[in-house]
Ligand code: GTP
Ligand code: MG
């Protein structure tokens, strides 16, 4: 930037940074989506096209910012979780929040017609905020809060709209009946009066959507769209994947070479060459260390193995409150505490 007499005004700019070594969560939320969804005739209470569009926009954000480890979305909101040691924009709050929300909004607007076959008739807008969570428990509690919110709202809305649409009740009447009811009562109304088993409804509606990155085997023959979903299963990183892929020719070759080398080396191994040579404890340890090093010189092996995988963003409708999800994907999530 060229210097000018006016440049001093830059010093008036201030910025905040997000605390180091904490999970940064940026949550975006649709602005005036009650009106936006009504205006674009979204189905009530859930429009799969709208939710899939939200997921698509979230995927674009994750593709753009690779330090995001997980995203969770429901209704008109999405939370993006950055890994603890994220360094994006030196953790400057305004930069991170504004870039995430503008990326999401742009993707939402661009892809809108792919899902609704028309252009949006007015501008979709999202607000955004950032918070820092110091440990994994706080992060889990944050995500639990959002998923419980999804459950409470969705059960209420499903009941409400079923009573209005199928039960021909006025919105006022439905509201009156549902006032102060607990979940059990709502489940009973749905099941007894309308034959709907809430637990059987689309998991995407009941649990929201969770996007994470997993390693998948690169498949030369599969096109990007039609990938085998089984390959998107989480893979235990490096050592495990090395074990799993031993049949791979490249690694087998490398291992064979290493074994041959080891055999050659053994012929010059002082402990074998001269059986009556006395080897001290320290020397034995040194030789063992050398061998171990050779065997564990798997850096090359790991590099080859790693190149066989690529990172892929997958969308799940799992229960993220229970431990099962976190146990299943702990390697993919590379949790830091
Ligand atoms: P602000 O966020 O304060 O600007 O208000 P808002 O109008 O966006 O409402 P809020 O964020 O509290 O709630 C989201 C609203 O989006 C819901 O109340 C619904 O009206 C609407 N919405 C979200 N998803 C869907 C959907 O799949 N179908 C329909 N019909 N509406 C939806
Ligand atoms: Mg909103």
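Residue numbers (the numbering used here): 2 to 338.
Glycine included, C-beta positions come from ideal geometry on N, C-alpha and C.
By the CB criterion at 8 angstroms, residue 69 and residue 79 fall outside the cutoff. For residue 28, the enclosing beta strand (DSSP E) starts and ends at 24-31.
Residue 37 and residue 124 have their C-alpha atoms roughly 9 angstroms apart. For residue 116, the uninterrupted alpha helix (DSSP H) run begins and ends at 94-117, by DSSP. Under the DSSP assignment, residue 83 falls in the beta strand (DSSP E) whose first and last residues are 78-83. Sorted by position in the chain, 30, 31, 34 and 77 make up the residues whose C-beta lies under 5 angstroms from a heavy atom of ligand 2.
Residue 7 and residue 89 have their C-alpha atoms some 29 angstroms from each other. Taking one beta carbon from each stretch, the region 141-152 and the region 60-77 have 3 or more pairs nearer than 8 angstroms; the two touch.
Distance from the CA atom of residue 218 to the CA atom of residue 311, rounded to whole angstroms, is 6 angstroms.
If the five residues before and after residue 204 are omitted, its C-beta is found closer than 7 angstroms to the C-beta atoms of 318, all from its own chain and listed in chain order. Look at residue 44: its beta carbon is less than 7 angstroms from one of the heavy atoms in ligand 1.
Here the alpha carbons of residue 189 and residue 39 stand approximately 29 angstroms from one another. In terms of side-chain proximity, the C-beta atom of residue 38 is found nearer than 7 angstroms to a non-hydrogen atom of ligand 1. Contact between the region 95-107 and the region 173-182 is not established, with fewer than three Cβ pairs separated by less than 8 angstroms.
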